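In the numbering used here, the protein residues as written are 405 to 550.
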Amino acid sequence: MQLLALNGPNLNLLGSREPGLYGTSSLEAIRDDLSERAMALGVELAWFQSNHEGALVDRIQAARGQSSGILINAAAYTHTSIALRDALLAVAIPYVELHLSNTHAREPFRHHSFLADRAVGVICGFGPTSYRLALEGLVDHLRSRS
C-alpha cells in the first residue's frame with residue numbers, strides 16, 4: 405500500500421514559524437518520524453510540500469493509480485481552495501485532512517474547510533502527532549475495506 409502525504413503553504417517553515425502555535429518540530433523531522441511509522445505499518449509513504457496551489461493539484465492528479473490514500477495538511481488552502489477539493493474528488497482517493505493546530509479554536513475564517521465533508525476523517529490540534537494519528541487512521545480505514 406502506498407500513501408501520499410501532502411503539505412501546503414508555509415509548512416516548509418515549521419520549527420521557526422510561530423513556534424508557540426505550531427511547535428518546534430521541522431517539517432523534515434515530522435516527515436522522518438512519519439516515514440518510520442509508515443514503515444512499521446508496512447506501507448510506503450510518498451511526501452510532497454508546496455507553497456503553490458497548482459503544484460498541489462498536479463501532485464494529487466499524479467497520485468491517481470499510484471496511491472491508496474492521501475494525508476493532506478492543506479494549511480491555509482483548507483479554507484480557500486475549491487481547486488484542491490475538486491482534485492481530491494476527481495481522483496477519488498480516500499483522504500484524511502490534518503492540521504497541527506486546532507483550527508476550531510482559532511480565527512473564525514479557519515473554522516470552515518472545503519475538504520472536511522468528503523474526508524475519511526479530520527485530525528487537528530495534536531501538533532506533529534496529528535500526522536501519526538492521521539496515518540494510523542487512514543491505514544486502518546483502508547485495510548478494513550480490503
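C-beta: ideal position from N, C-alpha, C; glycine also.
Quick caveat, the model's predicted, so the values are computed rather than measured.
By the C-beta criterion, the segment 429-436 is judged not to be in contact with the segment 464-472, since fewer than 3 inter-stretch pairs fall below 8 Å. Cα atoms of Thr-482 and Leu-519: separation of roughly 6 Å, rounded to the nearest angstrom. According to the DSSP secondary-structure assignment, Ala-450 is paired through a beta bridge with Leu-408. Listed in chain order, the non-local C-beta contacts of Thr-484 below 8 Å within the same chain comprise Phe-518, local neighbours out to five positions each way being set aside. Note that the C-beta distance between Gly-525 and Leu-504 is not below 9 Å. The beta carbon of Gly-419 lies closer than 7 Å to those of Thr-428, Ser-429, Ser-430 in the same chain, with the five residues before and after it left out.
Taking 4 residues as the shortest admissible run, the segment 426-495 contains the following complete alpha helix (DSSP H) segments, listed from N- to C-terminal end: 431-445, 457-466, 486-495. In the displayed model, Val-543 falls within a helix according to three-state DSSP.
Taking 9 Å as the cut-off, the beta carbon of Met-405 is found closer than this to the beta carbon of Gly-446. Collapsing the DSSP output to three states places Leu-415 in a helix.
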